[in-house]
Amino acid sequence: MKIIIIGAGPVGLTCSHLLGLSGIENVILEKQKKLSQHPSAHFLHSRTMEVFRDIGVSNLIYSKMPENKYWRHINYCSEILGETYRRHDHFSTENYRKNSKLSDMDVAHLALHKLTKILYENLPSKSSMIFDRELTELSQSENGVKIRTNQGDTYECDYLIAADGQFSTVRNLLGIKMTGFGSWQDFINIHFFSKELGKLAKRSPAMVFFVLSPYDAASVVMHDPDDGEFNIHLPIFGKGSQFYSEKEIKEIIIRMSGTPLKDIVIKSTWNYKMSSTLANSFSNKRVFLVGDSTHQMPMAGGFGVNSGIKDAHNLCWKFSYEKLLETYGEERQNFDREILKIASENFVKLMKIAEASGLEISGVENYKKAADYLPFGESLFNFASKMGQRFLFDQNKARAHLADERNLLCLINPKGDFEISYKSGFFENGGELSQNIDITDKESAIKIRKLLGLLWKENKKPTFLQLTGRAQLKNFPYEIYNVPSCNDDSYIIRPDGYIYSIS
44 MKIIIIGAGP VGLTCSHLLG LSGIENVILE KQKKLSQHPS AHFLHSRTME
94 VFRDIGVSNL IYSKMPENKY WRHINYCSEI LGETYRRHDH FSTENYRKNS
144 KLSDMDVAHL ALHKLTKILY ENLPSKSSMI FDRELTELSQ SENGVKIRTN
194 QGDTYECDYL IAADGQFSTV RNLLGIKMTG FGSWQDFINI HFFSKELGKL
244 AKRSPAMVFF VLSPYDAASV VMHDPDDGEF NIHLPIFGKG SQFYSEKEIK
294 EIIIRMSGTP LKDIVIKSTW NYKMSSTLAN SFSNKRVFLV GDSTHQMPMA
344 GGFGVNSGIK DAHNLCWKFS YEKLLETYGE ERQNFDREIL KIASENFVKL
394 MKIAEASGLE ISGVENYKKA ADYLPFGESL FNFASKMGQR FLFDQNKARA
444 HLADERNLLC LINPKGDFEI SYKSGFFENG GELSQNIDIT DKESAIKIRK
494 LLGLLWKENK KPTFLQLTGR AQLKNFPYEI YNVPSCNDDS YIIRPDGYIY
544 SIS
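With the working numbering applied, the sequence shown closes on residue 546, and no number is skipped along the way.
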């Protein structure tokens, strides 16, 4: 079997690793000439880290992170170095305590381009990578897939995985539509370095600084204070990043920082639309879509990349049981729809924080639409929005709203990570994720989901696990690995950790 993966982001690379565990030959085609250097995300959920443990890169990820003391907090503030309205330790929350019971793997904070580099540099022997290859044509037969690239070369494979992002060429060629809310808000994303700011920010460090002021309602991610690596997500109205001069961008950085900085290095800027959409189909015959090619989620909690990793995990074990591939779309589409709701609720929380502080952001976009038809509309809009925010913003309102923990952004979300069940698919009477409990294998205690990862690696094939108690299970069509149950019930657990059946 040979599989082609389109796209060398973290989801495509994770697919390659999982296929490598099964000994399946795969080729990754990436349209860019090198890996992306832009940190479009950074927060990795515990369930994602379990998958990364299975493919052997979790310890590398943990080793590359900044110290926990630099990212355990979220600061709601006037500027990075300004007044703090609320400093929130998300490692002291009930959600974190619950999360720790549901998984033996901790959450992680690592800029996405660093994660991508780790995945790329540790690809398995069955994987190969070709840069500067953009898919332009695609055709399918009963037995395989044939594609052509921008370089004029052709490739053939048994199956194709599309991990080519929000503007997926594969999805468009297949005519698969996206449904949902296509544009919540336009943003400019600014990736920059300043060791001076990193050093100063250590006085009250945070993973994310939510800046609320008379001029701004934006988030600043501190990826690494020692390197001075930061990322700004700033709502924009009226013009895109290509119309900002370097001087203007540096002014934005200094304004967000709250102090003059002399060592700013701007690495990249790009525009994006905050969307909340889901593909109408996740597959077409021998082609399967994963990650952002199937869902675009608000950037409020890292649900996009983490859901993409779960897509990869659900799909890739099924290539060893080809009849089950048809269940991928049915399972993941309904699952990702639930995640999309949680991500959207998180983004609405951020909007409500801004609005409770007096910044009427949701109404500003409507004003822009009207200003587009007026003489000097953009200039008038930019002036009016800044002046309106200046007079509306109220620090006391911000503090009062943020005093209630229910109003704060929820980054550690055990419901979205562990408690959503599959409603249909390859299940008899299961669908929920197996519990994070110890079982006995070869006279040693081991967590259920950790054992599944070890079996996949040892057997070079994803393996079903049966926990045998007193109760009897129906005959099962696939080979299983038996261990004693921790109670009277018997279970069959799929290679991805979800329960197929319970006695």
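Cβ atoms here follow ideal geometry from the backbone N, Cα and C, with glycine treated the same way.
These numbers were taken from a predicted model, which means no experiment stands behind them.
Check whether residue i and residue j have beta carbons under 8 Å apart
| i | j | result |
| --- | --- | --- |
| leucine 498 | isoleucine 536 | no |
| phenylalanine 174 | lysine 77 | yes |
| histidine 85 | histidine 152 | yes |
| isoleucine 48 | glycine 55 | yes |
| valine 263 | isoleucine 123 | yes |
| leucine 510 | serine 533 | yes |
| alanine 205 | valine 330 | yes |
| glycine 223 | leucine 321 | yes |
| phenylalanine 436 | proline 257 | yes |
| tyrosine 119 | arginine 129 | yes |
| threonine 127 | serine 247 | yes |
| threonine 159 | serine 83 | no |
| serine 324 | isoleucine 396 | no |
| glycine 344 | asparagine 456 | yes |
| threonine 302 | isoleucine 233 | no |
| aspartate 531 | arginine 513 | yes |
| glycine 63 | lysine 169 | yes |
| phenylalanine 362 | tyrosine 105 | no |
| glutamine 478 | isoleucine 463 | no |
| leucine 87 | arginine 176 | no |
| phenylalanine 95 | serine 101 | yes |
Alpha helix (DSSP H) segment containing residue i, residue limits
| i | result |
| --- | --- |
| serine 89 | 89 to 97 |
| serine 182 | Counting along the chain, serine 182 falls outside any alpha helix (DSSP H), though it belongs to the beta strand (DSSP E) covering 178 to 183. |
| arginine 380 | 370 to 399 |
| serine 143 | 137 to 145 |
| lysine 107 | 101 to 107 |
| threonine 159 | 155 to 164 |
| isoleucine 295 | 289 to 300 |
| asparagine 439 | 438 to 445 |
Length of the line joining the Cα atoms of residue i and residue j
| i | j | result |
| --- | --- | --- |
| methionine 221 | lysine 157 | 30 Å |
| glutamate 408 | tyrosine 315 | Only weak support is given to the placement of glutamate 408: the predicted model assigns it a pLDDT of 45, under 50, and the value that follows is read from those uncertain coordinates. Those two C-alpha atoms are separated by around 15 Å. |
| glutamine 432 | methionine 265 | With a pLDDT of 45 at glutamine 432, under the threshold of 50, the modelled position of this residue cannot be trusted, and the question is left open. |
| alanine 261 | isoleucine 275 | 7 Å |
| serine 487 | valine 526 | 11 Å |
| glycine 50 | valine 213 | 10 Å |
| phenylalanine 419 | proline 278 | At phenylalanine 419 the pLDDT is 37, less than 50, meaning the model places this residue with poor confidence; the figure from the coordinates comes in the next sentence. Phenylalanine 419 and proline 278: Cα-Cα distance of roughly 21 Å. |
| phenylalanine 470 | glutamine 183 | 29 Å |
| leucine 255 | aspartate 481 | 45 Å |
| lysine 466 | isoleucine 190 | 34 Å |
| asparagine 472 | serine 546 | 9 Å |
| methionine 172 | glycine 401 | 50 Å |
| asparagine 377 | valine 333 | 14 Å |
| proline 53 | leucine 476 | 23 Å |
| glycine 195 | tyrosine 163 | 25 Å |
| asparagine 186 | alanine 399 | 57 Å |
| valine 251 | methionine 108 | 15 Å |
| serine 121 | lysine 503 | 53 Å |
| isoleucine 67 | lysine 45 | 7 Å |
| phenylalanine 426 | isoleucine 296 | Residue confidence is low: phenylalanine 426 scores 37 on pLDDT, short of 50, so the model does not pin down where it sits. No coordinate-derived value is stated. |
| serine 211 | threonine 179 | 11 Å |
| methionine 430 | tyrosine 198 | With a pLDDT of 37 at methionine 430, under the threshold of 50, the modelled position of that residue is not reliable, and no figure is offered here. |
| serine 528 | glutamate 373 | 30 Å |
| alanine 355 | aspartate 460 | 15 Å |
| phenylalanine 519 | serine 544 | 10 Å |
| lysine 440 | asparagine 69 | 55 Å |
Range of the contiguous beta strand (DSSP E) that encloses residue i
| i | result |
| --- | --- |
| threonine 127 | 127 to 132 |
| cysteine 200 | 197 to 200 |
| histidine 85 | That residue, histidine 85, is in no beta strand (DSSP E); it is neither H nor E in DSSP. |
| phenylalanine 331 | 330 to 332 |
| phenylalanine 507 | 507 to 511 |
| phenylalanine 273 | 272 to 278 |
| cysteine 120 | 116 to 120 |
| isoleucine 455 | Taken as a continuous stretch (DSSP letters only), isoleucine 455 belongs to no beta strand (DSSP E), as it is neither H nor E. |
Identified DSSP bridge partners for residue i
| i | result |
| --- | --- |
| lysine 45 | Glu68 |
| aspartate 484 | Ser487 |
| serine 467 | None, per the DSSP bridge assignment. |
| arginine 191 | Glu180 and Thr197 |
| histidine 266 | Paired residues: none, contrary to the question. |
| glycine 223 | Thr320 |
| methionine 172 | Ile71 |
Any non-hydrogen atom of the ligand GTP closer than 7 Å to residue i Cβ
| i | result |
| --- | --- |
| isoleucine 231 | As presented, the structure is devoid of all ligands, the ligand GTP included, so that no description of it is given. |
Taking three-plus beta-carbon pairs below 8 Å as touching, is the stretch 324 to 340 in contact with the stretch 381 to 392? yes
For the structure I just gave you, are there three or more beta carbon pairs, one from the stretch 105 to 115 and one from the stretch 136 to 153, closer than 8 Å? yes
Answer yes if the stretch 229 to 243 comes into contact with the stretch 298 to 312, meaning at least three C-beta pairs across the two stretches below 8 Å, and no otherwise. yes
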